[in-house]
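Undergrad:
Residue numbers (the working numbering): 10 to 101.
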């Protein structure tokens with residue numbers, strides 16, 4: 010793939026070797042571009058030795074708060090004029 014403007018590469022599966030790692034990260038450097046590469050590492054995994062040693066470590070929270078309940082809901086009524094349903098039947 011040759012995609013312009015890639016600024017971030019996220020490895021959600023660890024690359025198997027250095028060549029794959031460098032190749033994937035190179036997507037951020039097309040045409041003198043700059044970007045960042047991220048490795049998502051699970052508790053049972055280790056950062057590969059071929060990964061940059063001066064990388065930053067971020068710890069994600071174990072629990073993420075539930076999103077707020079929406080103020081509105083969207084309903085779908087698969088009926089219409091042919092079925093003798095009008096706006097007043099739904100909206101009151």
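Don't be surprised by glycine CBs; every beta carbon is placed ideally from N, CA and C.
1. When DSSP builds the beta bridges, which residues end up paired with residue 73?
2. Could you tell me whether the region 54-74 touches the region 21-33, where touching means 3 or more Cβ pairs closer than 8 Å?
3. Kindly indicate which residue of 64, 32, 71 and 33 has the alpha-carbon position closest to the one of residue 51.
4. Could you tell me the distance, in whole angstroms, from the CA atom of residue 99 to the CA atom of residue 73?
5. What is the rounded straight-line gap between the Cα of residue 17 and the Cα of residue 86?
TA: Well, looking at it:
1. Looking at the DSSP output, residue 73 sits in no beta bridge, so it has no partner there.
2. Contact holds: three or more Cβ-Cβ distances are below 8 Å.
3. Among 64, 32, 71 and 33, the Cα nearest to that of residue 51 belongs to 71.
4. C-alpha of residue 99 to C-alpha of residue 73: approximately 37 Å in a straight line.
5. Here the alpha carbons of residue 86 and residue 17 stand approximately 41 Å from one another.
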